[in-house]
Each structure stands twice: as C-alpha cells, then as structure tokens.
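Numbering (our numbering), first residue to last: 711 to 933. Ideal Cβ placement from N, Cα and C applies to all residues, glycine included.
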C-alpha cells in the first residue's frame, strides 16, 4: 500500500492530483500549522503577465492549524474570483460545460478555509476520475512532527511505501523511514502542455486552467 500526504490546498495544481492518483491512501494534513499566503488559501490562474492570484481572505491567529482557520467574509472576494475566472476562461472550449460547480461554490458563503478547500479538491478529483481513498490527519490520531509523523501515518494505515513530493529530499529524515521498514519513492511529474489563450504556455497553474481548456472528459495518462 502506498500513502501520500499533503496540506489541503485551494484550487490545487495538476501535480497535486498526480500525487493523489499514484497512491492508495491520500492523507490531508488538516491539523498542521497554517501558513498564510502560500498555497493553502490561494492559487494562480492564467493571465498575460504569467499568472494571477485568486486569494481567499482569512482570519488567522498564529499558530492556528489549517482546520481552525476562518474565512474573512467581510472582504468581497467571491464576486472578484468569479469575475476573474469568467474574464479569463469564458472563451475556452469547455467553459460552459465545466463552469456550473464553480458558480455553485462561489454562491455559498463559506465559513472555514478547510471546507472550501475540500470542495475544490473533491470536485477536481471527480473531474479527473480519481477514486483514491482520502483520510484526515486530524482523525487518525498519530503523534510526532515532520518526518516522524509521516512514518506514523504510514504505520497507522498499514502502508509500506510513502510517496513524497520532489522537494521531500530537502526536509525529510529518510533514516526514520528506513528504520521503520517503509520505502520512500519520489514523485516525478511532467506537466502536460496544452493550448491556452495565447503566447508561451504557462505551467503549474491551478488545475481549473487545464479543466476549462481541455474538458471534463480528460482522464488517465492524458494529464
């Protein structure tokens, strides 16, 4: 069994879902410390300047965990997001077919960051036809920090292999995995190139970019 783990992000990029589809259990690290203005409350969509940010404003008090962070609905952000998405992608081939769930999302006044992040993750999983089992770290009740916790998550679900992101080599203590008899493999993801609006292709945007341009029927190795 292969386990992978990651913080719940807002409108994640395709590499996030590639990691998800290559494992048997994907653990959402919802009870780790929130880091403002990283990928947990914002992501990028296409723009002529190389990408524009869609940011969910939050009411954050250090050192809150992700599952404790509330959304700041005193800020007018949902209308701005919708306007940006429509202006950017309304010309795309699959916009009308794929827009409905996002319009539904922005019609709702979300209270917590975790709730809206889960909506984006679960919907994109559905579009990309990913059926990987998801667990929440807050519900698995494992102890430890950093690498030690990842090892304990693997033990908890019976995983003998841990799938790490490419950057995992820089911070993980691989000796702890080796001591526990758990193999570590690293993700190697090549972002697909597809036709965007114009100019040079911009990779690593939110997966919504791929969905609007390529459609909900795309699955398997095509992405």
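- Message: Would you say the beta carbon of residue 862 is closer than 7 Å to some non-hydrogen atom of the ligand ZN?
- Response: Of ligands this structure carries none, so the ligand ZN is not represented either.
- Message: With distance defined between alpha-carbon atoms, name the residue in 919, 895, 893 and 890 nearest to residue 902.
- Response: Comparing C-alpha distances from residue 902 to each of 919, 895, 893 and 890 shows the shortest one belongs to 919.
- Message: I'd like to know whether the C-beta atoms of residue 870 and residue 897 end up nearer to each other than 8 Å.
- Response: no
- Query: What span of residues does the beta strand (DSSP E) with residue 714 cover, start to end?
  - Reply: 712 to 716
- Item | Secondary structure of residue 739, DSSP reduced to three states | In the three-state reduction of the DSSP assignment, residue 739 falls in the coil class, being assigned neither a helical nor a strand state.
- Query: Count the other CB atoms within 10 Å of the CB of residue 711; is the residue buried (16 or more) or exposed (fewer)?
  - Reply: exposed
- Check whether the Cβ atoms of residue 746 and residue 768 sit closer than 8 Å, and answer yes or no. yes
- Item | For residue 890, the first and last residue of its enclosing alpha helix (DSSP H) | 884 to 890
- Option in 921, 727, 865 and 766 with minimal Cα separation from residue 887: 865
- Task: Pull up the distance between the alpha-carbon of residue 853 and that of residue 884, whole angstroms please.
- Result: Answer to the nearest angstrom: the Cα atoms are 18 Å apart.
- Query: Between 847, 795 and 720, which lies nearest to residue 742 when the distance is taken from Cα to Cα?
  - Reply: 847
- Please check if any C-beta of chain C sits within less than 8 Å of the C-beta of residue 828. Looking for chain C here will not work: only one protein chain is present.
- Starting from the Cα of residue 787, find the closest Cα among 889, 818 and 808 and give me that residue. It is 818 whose Cα lies nearest to the Cα of residue 787.
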